[in-house]
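Residue numbers (the working numbering): 1 to 90.
Built from N, CA and C at the ideal position, the CB exists for glycine as well.
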């Protein structure tokens with residue numbers, strides 16, 4: 001899958017960048033607000049299983065935020081927004 005960056009360039013999808021951003025946000029919140037590694041990989045699966053050849057980075061980030069909020073992890077979702085830049089696919 002390709003990721004369309006904010007500047008319009010395309011980059012190869014790298015799930016590790018997503019995992020890293022979520023994990024960084026996870027470490028910044030209280031234990032009860034965190035999600036498990038399994039939940040992180042379920043979020044990845046929900047992105048990857050859509051079957052798109054390409055996705056905008058903003059759409060990927062929105063999916064992640066929606067999934068975190070669906071888990072009622074509102075503080076984590078807000079904290080994740082701060083870590084969105086690392087998955088810009090520089």
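Supposed contact pair residue j and residue i - C-beta distance, whole angstroms, cut 8 angstroms
i, j, result
"residue 40", "residue 19", "6 angstroms"
"residue 24", "residue 83", "5 angstroms"
"residue 32", "residue 79", "Not quite, the Cβ-Cβ distance comes to about 14 angstroms (not below 8 angstroms), so this is no contact."
"residue 76", "residue 15", "Wrong, their Cβ atoms sit about 19 angstroms apart, outside the cutoff."
Proximity below 9 angstroms, CB of residue i to CB of residue j
i, j, result
"residue 93", "residue 2", "For residue 93 there is no data in the structure shown, the boundaries of the chain being 1 and 90."
"residue 11", "residue 64", "no"
"residue 67", "residue 42", "yes"
One or two residues paired with residue i in a DSSP bridge
i, result
"residue 3", "11 and 55"
The alpha helix (DSSP H) enclosing residue i, as first and last residue numbers
i, result
"residue 83", "Segment: none, residue 83 is in no alpha helix (DSSP H) and carries neither H nor E."
- Taking only runs that begin and end inside the stretch 10-62, name each unbroken alpha helix (DSSP H) of 4 or more residues, in chain order. You should have 15-27 and 37-48.
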